[in-house]
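K.L.:
So that we are looking at the same thing, I have put the structure below in structure tokens.
Chains as they are written, first to last, in my numbering: chain A, 1 to 173; chain B, 1001 to 1173.
Here it is in structure tokens:
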């Protein structure tokens, strides 16, 4: 009964709790909290940063539980395919809808009906609320990739609710 | 792979994030944040209160997904048995180990190996850390009971890690 929805409920309430004391987010805030100057950090940005970092550590923890053979992926693309199929299925009971790449280290993962956006009412007026339901998952992807040996920057964008795109840019060291 | 552990990872990291900026909890803090005077609230108590309230809303949301016939329990004891068996199994993949009552509205639910305490190292020196891993679940029980029409006060205590007891005191209106 509860197992499949428990994670989603906890995520929803964690977001609600973070924003409970900061009810008026400014418009135009990106889901990618890094790169902001500390002095310019708003409550909204702080909250997104908290969610991203919680997501990162959960992603790392999930990555560490992978069977050893999965940690030996040779191709970057194989790792991304694994995230889109197996990881997404395990977390959200569905696969990512599409995966595209420019073959130069940038990947776009599209989910046409992202479960963590479903609690939001559909409608253009809610679009600016979307980043707070995406920050955790950006972190989760970044954390899982990190455990698999890939440093990345992950951002998210929404065109039409409840669909969204995650952009993964691999950082070559 | 991930579904069963995802909730536990997210809970662990939510606790870690809350305490990341408050690393020195005072000793002797109860898992029951209510009844404190606001002026006396420490960061520790604030965090426990946040966890309890997030747990409460998750418990409510879980309760609202129950089949309609479950919402028609006639006996208080049946509701508590349901929490100990079905709810616990759905959340933690195990049942509560024992349920006792004084038949006057007080119930003691004992879990001899509570999953959310397992990440903690065993040892007496960690006992004072335990409340932060119990507050969310106190709230969750209180929220589920609330949806089932029962007002309660839920507290938790630890005698020997990773075992714990939840005490539910029914509030007669």
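Backbone N, C-alpha and C fix where the C-beta goes; we use that ideal spot for every residue, glycine too.
Name, in chain order, the residues that DSSP records as bridge partners for residue 1111(B).
P.N.:
Note: residue 1111(B) sits in a beta bridge opposite 1164(B).
K.L.:
By how many angstroms is the C-alpha of residue 133(A) removed from the C-alpha of residue 38(A)?
P.N.:
Confidence at residue 38(A) is low in this model, with a pLDDT of 44, below 50, so the placement of that residue should be treated as unreliable; the coordinate-derived value is given next. If I take the Cα positions, the gap works out to 22 Å.
K.L.:
For residue 1065(B), write down the residues that DSSP places opposite it in a beta bridge.
P.N.:
Paired residue(s): none; residue 1065(B) is not in a bridge.
K.L.:
At the level of alpha carbons, what is the spacing between residue 76(A) and residue 1020(B)?
P.N.:
Roughly 33 Å separates the two Cα atoms.
K.L.:
Is the CB of residue 10(A) under 8 Å away from at least one CB in chain E?
P.N.:
Absent here is chain E; the protein component of the structure consists of chains A and B.
K.L.:
In chain B, which residues lie with their C-beta within 7 Å of the C-beta of residue 7(A)?
P.N.:
The answer, in chain order, is 1006, 1007 and 1010.
K.L.:
Compare the beta carbon distance of residue 46(A) and residue 1014(B) with 8 Å and say whether it is the shorter of the two.
P.N.:
Cβ atoms of residue 46(A) and residue 1014(B): not closer than 8 Å.
K.L.:
Which runs of the beta strand (DSSP E) at least 3 residues long sit entirely within the stretch 1071-1102 of chain B? Give them in chain order.
P.N.:
Listed in chain order, they are 1098-1101.
K.L.:
State the DSSP-derived secondary structure class of residue 1153(B), mapped to helix, strand or coil.
P.N.:
Reduced to three states, the DSSP call for residue 1153(B) is strand.
K.L.:
Residues of the stretch 1137-1156 of chain B in Cβ contact with chain A at a cutoff of 9 Å, in chain order, please.
P.N.:
Going along the stretch 1137-1156 of chain B in chain order, one finds no residue with a Cβ nearer than 9 Å to chain A.
K.L.:
Under a Cβ-count criterion, where at least 16 other Cβ atoms within 10 Å of its own Cβ denotes burial, should residue 98(A) be classed as buried or exposed?
P.N.:
Burial call: exposed.
K.L.:
So residue 139(A) is in the alpha helix (DSSP H); what residue range does that whole segment cover?
P.N.:
Taken as a continuous stretch (DSSP letters only), the alpha helix (DSSP H) holding residue 139(A) covers 135-147.
K.L.:
Tell me, please, which residues DSSP counts as bridged to residue 106(A).
P.N.:
169(A).
K.L.:
Counting only Cβ-Cβ distances shorter than 8 Å, please list the residues of the stretch 1054-1066 of chain B near chain A, keeping chain order.
P.N.:
The stretch 1054-1066 of chain B vs chain A, Cβ under 8 Å: 1054, 1057, 1058, 1061, 1062, 1065 and 1066.
K.L.:
Against residue 1014(B), what residues of chain A qualify as contacts under a CB-to-CB distance less than 8 Å, listed in chain order?
P.N.:
The contacting residues are 10, 14 and 54.
K.L.:
Are the CB atoms of residue 1168(B) and residue 1107(B) within a distance shorter than 8 Å?
P.N.:
Yes.
K.L.:
Evaluate the contact criterion for the stretch 145-162 of chain A versus the stretch 86-95 of chain A: three or more CB pairs, one atom per stretch, below 8 Å.
P.N.:
Output reads no: the stretch 86-95 of chain A does not touch the stretch 145-162 of chain A.
K.L.:
With the cut-off set at 8 Å, would you say residue 109(A) and residue 59(A) are in Cβ contact?
P.N.:
No, these two residues do not count as a Cβ contact at 8 Å.
K.L.:
Suppose contacts are defined by Cβ-Cβ distances below 8 Å. Is residue 1135(B) in contact with residue 1008(B) by that definition?
P.N.:
Result no, Cβ atoms of residue 1135(B) and residue 1008(B) do not sit closer than 8 Å.
K.L.:
In three-state DSSP terms, what is residue 1118(B)?
P.N.:
Coil.
K.L.:
At a CB-CB cut-off below 8 Å, which residues of chain A make contact with residue 1017(B)?
P.N.:
Ordered by position in chain A, the residues that pass the 8 Å Cβ test against residue 1017(B) are 50, 53 and 54.
K.L.:
If I measure Cβ to Cβ from residue 1145(B) and keep anything under 6 Å in the same chain, skipping five residues before and after, which residues do I get?
P.N.:
So the list reads 1152, once near-sequence residues are dropped.
K.L.:
From this set, 1061(B), 1081(B), 1082(B) and 1115(B), which residue's C-alpha is nearest residue 1011(B)'s C-alpha?
P.N.:
Nearest C-alpha to residue 1011(B): 1115(B).
K.L.:
Comparing alpha-carbon positions, which option in 147(A), 105(A) and 78(A) lies nearest residue 172(A)?
P.N.:
Measuring from the Cα of residue 172(A), the nearest candidate turns out to be 105(A).
K.L.:
Tell me, to the nearest whole angstrom, how far the beta carbon of residue 65(A) is from that of residue 1005(B); I am working on the premise that it is less than 8 Å.
P.N.:
Confirmed, about 7 Å.
K.L.:
If we ignore side chains and look at the alpha-carbon of each, how far apart do residue 35(A) and residue 1113(B) end up?
P.N.:
Because residue 35(A) sits at a pLDDT of 45, beneath the cut-off of 50, its placement in the model cannot be relied upon, and the following sentence gives the value as read from the coordinates. Whole-angstrom Cα-Cα distance: 43 Å.
K.L.:
Comparing alpha-carbon positions, which option in 50(A), 16(A) and 147(A) lies nearest residue 80(A)?
P.N.:
Here the closest residue by C-alpha is 147(A).
K.L.:
Taking the straight line between their C-alpha atoms, what separation do you get for residue 127(A) and residue 118(A)?
P.N.:
Computed Cα separation, rounded: 12 Å.
K.L.:
By a C-beta neighbour count over all protein chains shown, 10 Å radius and 16 as the cutoff for buried, is residue 67(A) buried or exposed?
P.N.:
Result: exposed.
K.L.:
Using a 10 Å radius around the Cβ and a threshold of 16 neighbouring Cβ atoms, would you call residue 189(A) buried or exposed?
P.N.:
This structure gives no information on residue 189(A), because the portion of chain A shown stretches from 1 to 173.
K.L.:
Can you list, in chain order, the residues of its chain with a C-beta nearer than 7 Å to that of residue 1083(B)? Leave out the 5 residues immediately preceding and following it.
P.N.:
Closer than 7 Å at Cβ, skipping near neighbours: 1141 and 1144.
K.L.:
Three-state secondary structure (DSSP) at residue 174(A)?
P.N.:
Here chain A has residues from 1 to 173 only, and residue 174(A) is not among them.
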